[in-house]
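*Asks:* Below are the structure tokens for one structure; questions will follow.
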Amino acid sequence: MPMKRRVSRAARPRGRQAGSSLIEVLVAVLLLAVGGLAAAMAHASALRRTQGSLNATLAVQASASLADAMRANRVAMIEGRYSTAGDRCAGDAPPTGDLAQQDLGRWMAALAAGMGAQAGACGSVACKEGVCQVVVHWDDSRAAGGEGPQRSRLVLGVAP
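Next comes the structure, spelled out in structure tokens:
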């Protein structure tokens, strides 16, 4: 009696696949593209917020420097010579005159140099009875994601 050989199905699989199908490759590429776009959007958002933080830091540093100059020139501060008549903006001509006016000019120059013209930094100083209030405001719409105009504001009190 002749022996029949049994061939197991495991030895000869039907329709064996040798590689990935085109659809699987396309889905993988699509997922990578979406993930890359999401990472790029997160990075852009972080950069915008970093710029807003940088502008706030520059406003604090410039205003603290002005406060130190005001304390050093105490007589002018008490007399109210640091007071401004309204806002002074970064693009305005630098004031000439006494030391108080020169300090105000350096303050605005520091804001303009740090924030740049696009921030539109402006500020004012109001002194009353020897106590001064330094106010700086600037355009922070870039940090807000371009959702319309947004002004950030810093208020600093200075006493002798």
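Numbering (numbering that gives the first Met the number 0), first residue to last: 0 to 159. Backbone N, C-alpha and C define an ideal beta-carbon position, used for all residues, glycine too.
1) Go ahead and label R80 buried or exposed: buried means 16 or more other beta carbons lie within 10 angstroms of its beta carbon, across all protein chains shown.
2) Sort out for me which residues DSSP pairs H136 with in a bridge.
3) Assign H42 to buried or exposed, taking buried as 16 or more other Cβ atoms, counted over all protein chains shown, within 10 Å of its Cβ.
4) With a threshold of 8 Å on Cβ separation, who are the neighbours of D97 within its own chain once the five nearest residues in sequence on each side are excluded?
5) Just to confirm the assignment, what range does the alpha helix (DSSP H) spanning T95 have?
6) DSSP state of R47, grouped into three classes?
7) Would the beta-carbon of M114 fall within 8 Å of that of L57?
8) Would you grab the beta carbon distance between N72 and A116 for me? Rounded to a whole angstrom, and I think it's under 8 Å.
9) Should G156 go down as buried or exposed, given a rule of 16 or more other Cβ atoms within 10 Å for buried?
10) Check this for me: beta carbons of C88 and G119, under 8 Å apart or not?
11) What does DSSP give as the partner residue(s) for R87 in the beta ladder?
12) What's the gap between the Cα of R48 and the Cα of Q101?
*Replies:* Once the coordinates are examined:
1) By the 16-neighbour rule on beta-carbons within 10 angstroms, R80 is buried.
2) C121, R152
3) exposed
4) A75, R80
5) No alpha helix (DSSP H) holds T95; DSSP gives it neither H nor E.
6) helix
7) yes
8) The Cβ separation is near 29 Å, so there is no contact.
9) exposed
10) In this structure, G119 lies closer than 8 Å to C88 by Cβ.
11) G122
12) Distance between the alpha carbons of R48 and Q101: 33 Å.
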